[in-house]
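Quick note: the sequence shown, position 293, residue 293 per this note's numbering, numbers continuous. Cβ coordinates follow ideal geometry from the N, Cα and C atoms, glycine included.
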Amino acid sequence: MNHKIISTIIIFGLITVIPTVYGQLSIGSEAQQESIEVKINSDGEIGVMHIVSSSNMPSSVPLFIEVENEEDLNVKITNELGEEINSGIGYDGLGKITILVLPSKQNTIIEYNLENMKLENNLLTTEISYPKKFSVLFDEKTNLVFANDNIIFLDDKKGLSINGGGNMKIQFYSNESKIIKNVTWEENEFDVEIITDSEIEKFNFNQPEKSISFQVNDENKFVTITMSEELLGGPYVTLLDDEKIKHAKSIRDGGIVSLNLKPETTGQVTIIGTTVIPEFSMFIPLIMGFMIILTVPLMKKFSLR
Numbered sequence: 001m002n003h004k005i006i007s008t009i010i011i012f013g014l015i016t017v018i019p020t021v022y023g024q025l026s027i028g029s030e031a032q033q034e035s036i037e038v039k040i041n042s043d044g045e046i047g048v049m050h051i052v053s054s055s056n057m058p059s060s061v062p063l064f065i066e067v068e069n070e071e072d073l074n075v076k077i078t079n080e081l082g083e084e085i086n087s088g089i090g091y092d093g094l095g096k097i098t099i100l101v102l103p104s105k106q107n108t109i110i111e112y113n114l115e116n117m118k119l120e121n122n123l124l125t126t127e128i129s130y131p132k133k134f135s136v137l138f139d140e141k142t143n144l145v146f147a148n149d150n151i152i153f154l155d156d157k158k159g160l161s162i163n164g165g166g167n168m169k170i171q172f173y174s175n176e177s178k179i180i181k182n183v184t185w186e187e188n189e190f191d192v193e194i195i196t197d198s199e200i201e202k203f204n205f206n207q208p209e210k211s212i213s214f215q216v217n218d219e220n221k222f223v224t225i226t227m228s229e230e231l232l233g234g235p236y237v238t239l240l241d242d243e244k245i246k247h248a249k250s251i252r253d254g255g256i257v258s259l260n261l262k263p264e265t266t267g268q269v270t271i272i273g274t275t276v277i278p279e280f281s282m283f284i285p286l287i288m289g290f291m292i293i294l295t296v297p298l299m300k301k302f303s304l305r
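Right, here's the structure in full:
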């Protein structure tokens with residue numbers, strides 16, 4: 001790769017260096033980027049590709065990557081034909097890197113790798129930050145993703161779009177463990193799927209109360225429950241040993257709902273559908289009383305002649 005290393009003297013002699021709120025160097029005008037893609041494979045390897053629009057003026061592109069020394073930088077810069085082209089590198093001495101894209105009649109493609117995701121408790125984890133809109137794409141093996149602790153099922157989607165840029169914590173299981181329980185309600189059978197790295201015991205479906213409960217034997221681990229909305233109804237209340245805990249809900253196609261929670265301690269998790277309707281006969285006295293209350297003011301308003 002033929003790079004021109006831009007020194008401080010050349011920078012001040014030819015172009016303007018402007019520190020931005022992200023601490024990057026802005027060399028020349030800001031580049032118009034057609035797309036910014038972060039690609040993550042199932043092994044946690046991360047590659048980045050910027051596609052910069054053609055321009056008759058030099059422009060700058062800040063990178064995701066940070067390096068301690070310029071020599072550690074490994075960036076491939078090509079045109080649309082795959083030919084490597086000249087470019088400039090701005091390095092602020094603190095790890096921030098900016099690429100100077102020279103005038104070109106073709107789009108410029110910038111490619112490089114980020115540090116691999118870190119594996120902890122069976123979760124591959126990385127944190128990504130960028131000031132512009134970017135996409136995070138996954139391979140076909142990855143379906144369940146946690147983005148800033150929010151559950152996302154990719155299903156037929158390729159990835160996520162972070163509109164306006166920002167900070168994003170991305171996690172997914174290295175080896176996904178799935179438990180499927182079959183329950184019956186009013187002669188209808190339903191599958192309840194639990195994805196977690198925690199040990200699960202004592203699963204129970206309480207048909208009269210329409211609730212699900214189970215024991216979690218590990219703390220601070222994601223637990224994702226997927227089922228038909230018809231089974232419990234919603235909205236949902238999630239409890240840990242009778243104390244309410246937070247959960248995130250994801251609605252999927254086909255009337256399927258997924259609830260994600262992260263118990264801070266071990267204990268019994270209970271999920272209750274709060275719109276459970278008892279037998280209609282139980283409501284008859286209540287309905288009759290309600291009708292009487294409504295009838296009294298109506299009789300005062302209208303009289304027989």
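- Taking one beta carbon from each stretch, the stretch 174–182 and the stretch 117–128 have 3 or more pairs nearer than 8 angstroms; the two touch.
- Taking 7 angstroms as the cut-off, the Cβ atoms of V269 and V216 count as close.
- Setting aside the 5 residues that flank it on each side, E45 is surrounded in the same chain by N116, each with a C-beta closer than 6 angstroms to its C-beta; the list follows chain order.
- Assignment of L154 by DSSP, reduced to helix, strand and coil, places it in the coil class.
- The beta carbon of G164 is closer than 7 angstroms to those of K133 in its chain, skipping five residues each way along the sequence.
- In this structure, the alpha-carbon of E199 lies about 23 angstroms from that of S42.
- With a cutoff of 7 angstroms on beta-carbon distance, G267 and K210 are scored as not near each other.
- Boundaries for E264: no alpha helix (DSSP H) harbours it, and the DSSP string shows neither H nor E there.
- S104 is classed as buried because its beta carbon has at least 16 other beta carbons within 10 Å across all chains shown.
- E34 sits in a strand when the DSSP states are folded into three classes.
- Here F214 has I194, I200, E201, K202, F203, N204, Q268 and V269 as same chain residues with Cβ atoms under 8 angstroms from its own Cβ, once five neighbours each way along the sequence are excluded.
- In this structure, the alpha-carbon of K244 lies about 21 angstroms from that of P208.
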